[in-house]
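Chains as they are written, first to last, in my numbering: chain A, -6 to 349; chain B, 4 to 370. Beneath this line is the structure, given in structure tokens, with notes to follow.
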Amino acid sequence: MDSKRIVFIFLIISLLFVIVIMIGKSQVDPIVIFVSMFATTLSVATPLTLGALCGIYCERSGVVNIGIEGMMLSSAFFGWLASVMANTIFGLEVIPSLLTGVLVAVLVGGLLGVFHAVLCVSFKIDQIIAGTVINILAIGVTGFLNRQLFFEKGGMFGGQFPHSPGVLPRLNIPGLTTIPIFGKIFEQQPIAISAIILVFISHFILNYTRWGLRTRSVGENPLAADTVGINVTKMRYWNVIIGGCIAGLAGAYFTIESVPSFEPLLTNGRGFISLAAMIFGNWSPFGAWAATLVFGAAQAMQINLQFFRELIPPQLAILQISYVVGLIPYILTMLILTGIIGKSRPPAAVGKPYEK
Amino acid sequence: MEKDGPKRNFQIPEFLKEFLVPILAVFTAIIVGGIVILIVGGDPIAAYRGLFEGSFGSIRALSETTVWATPYIFAGLAVALAFNGGLFNIGAEGQLAFGAVAASWAGYALPALLGTSIPKIIHLPLSIIAGVLAGFIWGGIPGWLKAKFGGNEVINTIMMNYVALNLTSFLLNGPMKDPSPTNVIARTPEAAESAQLIPIFQGYRFHWGFILAVIIVFITYWILYKTTFGFEIRTVGTNPNAGRYAGINSSKITFLTLAISGALAGLAGAIEVTALNFRHELGFSVGYGFDAIAIALLGRNNPIGVFIAAILFGAMKNGATRMQFLTQIPVDIISIIQALILLFVAADAIVRFIYRIHKKEEKASVS
């Protein structure tokens, strides 16, 4: 991650913030708008950040994963199902059922990671195909079970839509959330907080540990890694499984942290945006995080502008159309990526199965 | 390797072997899918009978299968062509949507714009060309960014998908919304009669678009394997450096590959508008990009293979409704079976292992 990217991304996020603050400042205190924008940005970027981290672990070890979307969708469904079952059938309290849901989501993500690794590393099938298989399978399995369990008369919940235990509560972190005014930024739900922590941990693991060095070496030059005694198969397996677990956590965000319900296809392409963020950030955790924050900021802008619709000055009337505001992050990404920053460089051995 | 050869007790002709593994893969997927149906308490035989009846069981079913398959053929070809050039086009959905928007705009707005009705022989091709052109541009932008700046086409086609999504939402809810008083949904007005393809047989939805699709399959095949341009696409796809040494302008080829890929997806949208719906409706294009990738991969990026895969996917989509009606098994089971088919076709190692088919010995003897 070069400093040029950081500076540009910082400028763009600031620009989006400034636009909203300028529009809303006559009605709401600028600091309050800033804090609200910041908090929303962090929150909505969560699944993208986690998805991008999943991609980073997989690809830095040399395995392409376009199945992030399917991993997220499956774990969103099974995590939610587990939390509902724990709450209504096994009679657990709200918080333990929600945590069960998160755990199951992570496990399902990890299992799909195993599946992906078996296909790509052991059977050496085309990694794009393996990812596509996961994506289609996820749509089928979640759609099928969703209908079968909840809407069929003989289904598990007797044709009635089950009562969900709700969403994870916001955390109070002493020393952070107690800061006057700005403390609100850190009043996040647990998965959002863990996503941020995971960015730092992943950066550390990939760059400063033996594990990270080995991961990168099997992703760049598996033959050389093998020659010095690194087990390529094992490293790839574990990294894809870790990636799967992280994608599972992203899935839990949708149904256990954001809204307490599941609907078919609810991930809505965010796995692919994570993929884009990963490439944008040049396969580094901080870079990818910065990229997801651009998406987060744009979405926060879209949400906040809804409140200030009446205040938008006529020369900016185009911002009243939320679809136009919705275009911003995608066009920005294309512009930044090609015009200013140039090429991203993938790990050298990514996508290639290792033949001994 | 060579030792394993004589163990086989019967010989299969070489040309059949090419097809044997994919056929066995589909067969295995159907068996595994049947087991899944059995586990959830359904009757697999009845389900598959319903699926078959609904897709091939009658003239009407056959006609509907071609209707479903037509956009799949175009979109699958789009992704396959890009793959041949070493490019991953995830943006077929956006290209298709924009092609449909452009074709329906040409269909309803052109006569009003010119203040006169346009003869069908001009208006209809114009409408289709508008869709193709929109797709060409939508695929061409990521292609240009890749050729000129090295911008990653995976990111840019995904981004163009969302740009298309937001833009069509805006257009179909605003300037292009069907103004008729009964309309409450986001859709364009109906295209003028002169921009509508007439049905081939009265009472059936089977349309010329399918025949065009078949022609385009052969043209794409011909271009890819019989022309210099196709050779250049495939060379750049397998090894851009070798292409450069051979004097191929790889930037130009990259741009053209993605742009034509987009044009094919745009054609899918244009045909849906001119031959079937006569207008574009929001949400219509959802899922085509996904399916197109699967179809291209299933067809091994070969136009003929894509055609067969598209028919298979179209048939399953079409037959699924009848299956659900007859057996109450949710249509979503189709996606599971499709994923299994793709898995087994791709992982021919698994299929070969199950059926004890050995790989051709050529490879072993060469080394």
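The beta carbon of each residue, even a glycine, is placed where N, CA and C say it ideally should be.
Between residue 42 of chain B and the set B:97, B:336 and B:267, the nearest pair of CA atoms involves B:336. Residue 70 of chain A does not reach chain B, its nearest Cβ partner there being about 12 Å away, counting only Cβ pairs nearer than 9 Å. A direct Cα-to-Cα measurement between residue 208 of chain B and residue 30 of chain B gives close to 30 Å. Around the beta carbon of residue 48 of chain B, a 10 Å sphere encloses fewer than 16 other beta carbons of the protein chains shown; the residue is thus reported as exposed. Taking the C-beta atoms as reference points, residue 212 of chain A is found no nearer than 7 Å to residue 338 of chain A.
For residue 209 of chain A, the three-state secondary structure derived from DSSP is helix. Between the region 256 to 270 of chain B and the region 142 to 152 of chain B there are three or more C-beta pairs closer than 8 Å, enough to call the two in contact. For residue 339 of chain B, the closest C-alpha among the options B:26, B:27, B:24 and B:35 is that of B:35.
Straight-line spacing of the CA atoms in residue 229 of chain A and residue 348 of chain A works out to 13 Å.
Against chain A, the beta carbon of residue 162 of chain B has neighbours under 8 Å at 269, 323, 324, 326 and 327, listed in chain order. The beta carbon of residue 323 of chain B is closer than 8 Å to those of 54, 57, 334, 336 and 337 in its chain, skipping five residues each way along the sequence. For the region 29 to 50 of chain B, residues whose beta-carbon sits nearer than 7 Å to a beta-carbon of chain A comprise 43. Interface with chain B (7 Å Cβ-Cβ cutoff): residue 49 of chain A is excluded.
The Cβ of residue 296 of chain B sits closer than 7 Å to at least one Cβ of chain A. In terms of Cα proximity to residue 331 of chain B, the closest of B:27, B:44, B:23 and B:226 is B:44. Closest by C-alpha distance to residue 326 of chain B, out of B:354, B:52, B:287 and B:25, is B:52. Using a 10 angstroms sphere on the CB of residue 117 of chain B, the tally of other CB atoms stays under 16, which defines it as exposed. The Cβ atoms of residue 161 of chain B and residue 269 of chain A lie closer than 7 Å to each other. Under the 7 Å criterion on CB atoms, residue 122 of chain A is classed as interfacial with respect to chain B. Counting only the Cα atoms, residue 94 of chain B lies some 19 Å from residue 236 of chain B. Residues of the same chain with a CB within less than 6 Å of the CB of residue 329 of chain B, apart from the 5 flanking positions on each side, are 53 in chain order.
Annotation: Cβ neighbours of residue 173 of chain B in chain A (cutoff 7 Å, chain order): 314, 316 and 317. Membership of residue 347 of chain A in any alpha helix (DSSP H) is not indicated, and neither H nor E is assigned to it by DSSP. Not a single CB atom of chain B sits nearer than 7 Å to the CB of residue 305 of chain A. Taking C-beta atoms under 8 Å as the contact rule, residue 156 of chain B and residue 91 of chain B qualify, at a distance of about 6 Å.
The straight-line gap separating the alpha-carbon atoms of residue 80 of chain B and residue 309 of chain B is approximately 6 Å. For chain B, the residues of the region 123 to 140 of chain A that bring a beta carbon within less than 7 Å of one of its beta carbons are 125, 126, 128, 129, 130, 132, 133, 134, 136, 137 and 140, in chain order. Pairing residue 165 of chain B with residue 316 of chain A gives a Cβ-Cβ distance that is not under 7 Å. For residue 124 of chain A against residue 214 of chain A, the beta-carbon gap comes to about 23 Å, at or over 8 Å, which does not count as contact. Under the three-state reduction of DSSP output, residue 193 of chain B falls in the coil class, being neither helix nor strand. Against residue 112 of chain A, the close residues of chain B are 350, in the order they occur along the chain (beta-carbon pairs closer than 7 Å). At the C-beta level, residue 148 of chain B and residue 271 of chain B stay beyond 7 Å of one another. Close partners of residue 273 of chain A in chain B (Cβ separation under 9 Å): 155 and 158. When C-beta atoms of the region 293 to 306 of chain B are compared with those of the region 210 to 218 of chain B, fewer than three pairs fall below 8 Å, so the two segments do not count as touching. Residue contact check for residue 222 of chain B against chain A: no CB pair falls below 7 Å. Here the C-alpha atom of residue 186 of chain A lies approximately 22 Å from the C-alpha atom of residue 255 of chain A.
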